[in-house]
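See structure below.
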Amino acid sequence: MTSQEIYDALTSKFGSDAIIELNTAAKDHWIEVAPASIAEVSQFLKSDDALKFDMLCDLSGVDYLEIDAKLAKKFPFEPHLEVVYHMLSVTHKHNMTIKVKLPRWKDDQEGQIPEVPSVAHVWGIADWHEREAFDLVGIKFTGHPNLVRILCPDDWVGHPLRKDYEFPLEYHGVRGY
Amino acid sequence: MATQLDDQRIIEFDVRTDEMLINMGPQHPSTHGVLRLLLRTDGEVVYEVTPHIGYLHRCAEKIGENLNGPQWIPYTDRMDYLAGMNMNLGMSLAYEKLIGLDLPEKAMNVRLIIAELGRVASHLVGMGAYGLDLGSFSPFLYAFREREIILDLFEEACGARLTYSYLTIGGATHDLPGMIEIPPGLASLTGNDPKMKLLWTDAVLMFLEWLETRIKQYHTLLTRNAIFIKRTAGLGIMPAEMALDYGCTGPVLRGSGVDFDLRRDGDEIYTRMYEGYDFDVISAPFDGVKGIPRDVVLGDNWCRFFVRMLEVVEAIKLVRQGIEKYPTTEGSHRVPYKMNTKLPVDEVYLETECPRGQMGFYIVGDGQAEPMRARAKSSCFCNLSVTGPLCEGVLLADIPSIVGSLDIVMGEIDR
Numbered sequence: 009m010t011s012q013e014i015y016d017a018l019t020s021k022f023g024s025d026a027i028i029e030l031n032t033a034a035k036d037h038w039i040e041v042a043p044a045s046i047a048e049v050s051q052f053l054k055s056d057d058a059l060k061f062d063m064l065c066d067l068s069g070v071d072y073l074e075i076d077a078k079l080a081k082k083f084p085f086e087p088h089l090e091v092v093y094h095m096l097s098v099t100h101k102h103n104m105t106i107k108v109k110l111p112r113w114k115d116d117q118e119g120q121i122p123e124v125p126s127v128a129h130v131w132g133i134a135d136w137h138e139r140e141a142f143d144l145v146g147i148k149f150t151g152h153p154n155l156v157r158i159l160c161p162d163d164w165v166g167h168p169l170r171k172d173y174e175f176p177l178e179y180h181g182v183r184g185y
Numbered sequence: 021m022a023t024q025l026d027d028q029r030i031i032e033f034d035v036r037t038d039e040m041l042i043n044m045g046p047q048h049p050s051t052h053g054v055l056r057l058l059l060r061t062d063g064e065v066v067y068e069v070t071p072h073i074g075y076l077h078r079c080a081e082k083i084g085e086n087l088n089g090p091q092w093i094p095y096t097d098r099m100d101y102l103a104g105m106n107m108n109l110g111m112s113l114a115y116e117k118l119i120g121l122d123l124p125e126k127a128m129n130v131r132l133i134i135a136e137l138g139r140v141a142s143h144l145v146g147m148g149a150y151g152l153d154l155g156s157f158s159p160f161l162y163a164f165r166e167r168e169i170i171l172d173l174f175e176e177a178c179g180a181r182l183t184y185s186y187l188t189i190g191g192a193t194h195d196l197p198g199m200i201e202i203p204p205g206l207a208s209l210t211g212n213d214p215k216m217k218l219l220w221t222d223a224v225l226m227f228l229e230w231l232e233t234r235i236k237q238y239h240t241l242l243t244r245n246a247i248f249i250k251r252t253a254g255l256g257i258m259p260a261e262m263a264l265d266y267g268c269t270g271p272v273l274r275g276s277g278v279d280f281d282l283r284r285d286g287d288e289i290y291t292r293m294y295e296g297y298d299f300d301v302i303s304a305p306f307d308g309v310k311g312i313p314r315d316v317v318l319g320d321n322w323c324r325f326f327v328r329m330l331e332v333v334e335a336i337k338l339v340r341q342g343i344e345k346y347p348t349t350e351g352s353h354r355v356p357y358k359m360n361t362k363l364p365v366d367e368v369y370l371e372t373e374c375p376r377g378q379m380g381f382y383i384v385g386d387g388q389a390e391p392m393r394a395r396a397k398s399s400c401f402c403n404l405s406v407t408g409p410l411c412e413g414v415l416l417a418d419i420p421s422i423v424g425s426l427d428i429v430m431g432e433i434d435r
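If you read the protein sequences in the order shown, they are chains E and S.
Sequential numbering of the first sequence, starting at 9, is according to our numbering.
Sequential numbering of the second sequence, starting at 21, is according to our numbering.
See below:
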């Protein structure tokens, strides 16, 4: 199926409130989905016979922010977070990118990480991918069975892939640079 | 057949008085690197496995955000360090797709030869190390002897033996070498004069011819070895739905009977490399292959192992065809790419078929030379995530057998 057909199938099922837009200008076409609907949309994408996205290739968090004041003027995006789902249908051999846009901090309170429903019950692999996104980018996946850090130690502070992350000077007596 | 907890022959009473938590790793020799498995055991039966990863975490993605494309290449070598060439290729293709770089025929030909040789080297280690996991030492030594020659040949091509950074954005850093002195290992194995000079491509062909005669021996040593079959067949059975659900790719997915290979079904920019080449996608249940042991079940350890063994043969076929075409290919081995080329405001996600599965690179550009986000999706990360459900209720001694059959490399999982 083409991205337009997938978009049409989703809008007819969930309406334009849940399915926000289809971007065909990008090299990999993507569909933006409202954060609240991502779990139902994922379930539909996986179980619908015509779509049948049986494999979640990748789930990544992206922090859109430019901390360099000089470059920030030319920065083409508003500061925000994105969760990007790259999925593949092994059955039909088509793929699609789904995006969810989130604020950088929940309710604009710095330190409060934003929330998005988990898709771990839809694809088994989302469990680990979401743990990684939580660990490194700082996104809370509500409904996740075990949302703990996966790559960093449990007592690590902060989320390293945030653009404004400050490297710790010391960790348990080990000095950084 | 995996032992189930409710199997009355094993546990007479449902009283778990001997429950014990056992740490396997992070320095256990059969965990292929720094992997820690936390096992909840009742006697010999394991009923919960929790993998703990991150001991080798270097945040390569954060590093990638601060470097431009060619500068990040050496970091990709260190992800799957047993198949550095294939990692370089995946990352370069993602950048090329993002900036819209078209490659000449020769560059693609060089890449194919190198990538498939890398696959042979990687699967040799996979095979040898798996034998080692199960207590068979000799295949490991043979595998490393063979791999050594591939490393020698790679050294002639780019000067490095493990972290190549040879395939780069726009092609390869150098053309394939011309006349070389025969690698010492190859000379002694084939009985040639160590001072003999020959073309690099001829050396590769000489090696492949020799390797092909050895594959039969590996089959005798491992594949059809009664002890090996006892320890692998019917164990760690992964149905196709489970493999897809947990995002398993590569030989793990194909061992479960899913016929999917990105070299044939992938993105156009990647499959173009393989156009006009004749190769088969190997997947269980191996139609037309004779002599499959009786105990083998679709999706078990043996199937995953056997997929790798047959893939070596296919890779040899591909390298031969590549070398045959090499003298007649047109164009250069490389299109120039400037380090400070600004990336477009766009994003690309590209997966390639690496020896261990589908390695994905997700690059988001924001108009600077350094990407906004450089994500490396690891295939072993997904393959390892299935250990928990796969190892439920097996015997303790079968854990290395199951984890080994996934053929993981921690450098790639932890990045």
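A virtual CB, placed ideally from N, CA and C, is assigned to each residue, including glycine.
Can you find the residues in the same chain that come closer than 6 Å, C-beta to C-beta, to Arg393/S, ignoring five residues on each side of it along the sequence?
Here the set comprises Val384.
Against chain E, does Arg376/S count as a neighbour if the rule is that its beta carbon must be under 7 Å from one of theirs?
Chain E contact via Cβ: absent.
Could you list which residues in chain S have their beta carbon closer than 7 Å to that of His129/E, in chain order?
The contacting residues do not exist; His129/E stays about 11 Å from chain S at best.
Would you call the CB atoms of Ser142/S and Leu102/S closer than 7 Å?
In this structure, Leu102/S lies closer than 7 Å to Ser142/S by Cβ.
DSSP on Asp265/S, reduced to helix/strand/coil?
DSSP places Asp265/S in helix when its eight states are reduced to three.
Report the rounded CA-to-CA distance for Gly198/S versus Asp97/S, giving the unit in angstroms.
One C-alpha to the other measures close to 25 Å.
Assuming Cys411/S and Val65/S form a contact by the criterion Cβ under 8 Å, report the distance between their Cβ atoms to the nearest whole angstrom.
Contact flag wrong, Cβ pair sits at about 11 Å.
Assuming Ser405/S and Asp135/E make a contact with CB atoms under 8 Å, what is their CB distance in whole Å?
Right, their Cβ atoms sit about 7 Å apart.
Does DSSP classify Cys65/E as helix, strand or coil?
Cys65/E: strand per DSSP, three-state reduction.
When we look at the beta-carbon of Pro204/S and count the other beta-carbons within 10 Å, is it buried (16 or more) or exposed?
Answer is exposed; the Cβ neighbour count stays below 16.
For Phe381/S, does the three-state DSSP call read helix, strand or coil?
Strand, per DSSP.
Judging by CA-CA distance, which residue of Val309/S, Leu218/S and Ala163/S is the nearest neighbour of Gln436/S?
Residue 436/S is absent from the model: chain S starts at 21 and stops at 435.
From this set, Lys109/E, Met63/E and Met95/E, which residue's C-alpha is nearest Phe85/E's C-alpha?
Looking at the Cα atoms, Lys109/E is the closest of the given residues.
At a CB-CB cut-off below 8 Å, which residues of chain S make contact with Trp136/E?
By Cβ distance, chain S contributes Phe401, Cys402 and Ser405.
Give, in chain order, every residue of the region 45-72 of chain E whose Cβ lies closer than 8 Å to some Cβ of chain S.
The residues in question are Asp62, Met63, Leu64, Cys65, Asp66, Ser68, Val70, Asp71 and Tyr72.
Any beta carbon from chain S within less than 7 Å of Pro84/E's own beta carbon?
Closer than 7 Å to some Cβ of chain S, the Cβ of Pro84/E qualifies, so yes.
What residue range does the beta strand (DSSP E) around Ile200/S cover?
From DSSP, the beta strand (DSSP E) with Ile200/S extends over Met199 to Glu201.
Specify the secondary structure class of Arg212/S as computed by DSSP and reduced to three states.
Reading off the sequence, residue 212/S comes out as Asn, not Arg. In this structure, Asn212/S counts as coil in the three-state DSSP scheme.
Of all Cβ atoms in chain E, is any one closer than 7 Å to the Cβ of Arg56/S?
False, the Cβ-Cβ gap to chain E never drops below 7 Å.
So which residues of chain S does Gly132/E contact, with C-beta pairs closer than 8 Å?
Those are Met262, Asp265, Tyr266, Gly267, Ser405, Val406 and Pro409, listed as they occur along chain S.
Let me know the secondary structure DSSP gives Arg78/S once reduced to three states.
Three-state DSSP puts Arg78/S in coil, outside helix and strand.
CA-CA distance, Arg112/E and Val92/E?
One C-alpha to the other measures close to 15 Å.
How far does the beta strand (DSSP E) with Ile106/E in it reach, from first residue to last?
His102 to Leu110 is the extent of the beta strand (DSSP E) around Ile106/E.
Report the three-state DSSP secondary structure of Ser97/E (helix, strand or coil).
It is a strand residue.
With respect to the alpha helix (DSSP H) encompassing Lys54/E, which residues constitute its N-terminal and C-terminal limits?
Ile46 to Ser55 is the extent of the alpha helix (DSSP H) around Lys54/E.
What are the boundary residues of the beta strand (DSSP E) that Tyr290/S is part of?
Taken as a continuous stretch (DSSP letters only), Tyr290/S belongs to no beta strand (DSSP E), being part of the alpha helix (DSSP H) at Glu288 to Thr291.
Does the separation of the CB atoms of Leu55/S and Ile42/S fall below 7 Å?
Not closer than 7 Å, so no.
With H, G and I counted as helix, E and B as strand and the rest as coil, what does DSSP make of Pro88/S?
The sequence given here has Asn at residue 88/S, not Pro. Coil.
Does Val98/E get closer than 7 Å to chain S when you measure Cβ to Cβ?
Cβ-Cβ to chain S under 7 Å: yes for Val98/E.
Quick one: residues in its chain with C-beta nearer than 8 Å to the C-beta of Glu174/E, no 5 flanking neighbours on either side, listed in chain order?
Hits under 8 Å: Gly166.
Closer than 6 Å by C-beta to Ala26/E: which residues in its own chain qualify, once you throw out the five before and the five after it? Chain order, please.
If we look at Ala26/E and ignore the five residues flanking it on each side, its Cβ neighbours are Ala42 and Ser45.
Can you give me the Cβ contacts of Pro94/S inside the same chain, cut-off strictly under 8 Å, excluding the 5 residues immediately before and after it?
Excluding residues within five positions, the ones whose Cβ falls inside 8 Å are Thr183 and Ser185.
Please report the straight-line C-alpha distance between Asp366/S and Lys82/S, rounded to a whole angstrom.
One C-alpha to the other measures close to 19 Å.
Taking Cβ-Cβ distances below 7 Å as the criterion, which residues of the region 151-172 of chain E are in contact with chain C?
Structure shown: chain C not included; protein chains present are E and S.
List the residues of chain S that Leu30/E touches, going by C-beta distances under 9 Å, in chain order.
Simply none; closest approach about 15 Å.
Name, please, each residue of chain S whose Cβ falls closer than 9 Å to the Cβ of Lys101/E.
Simply Phe280 and Asp285.
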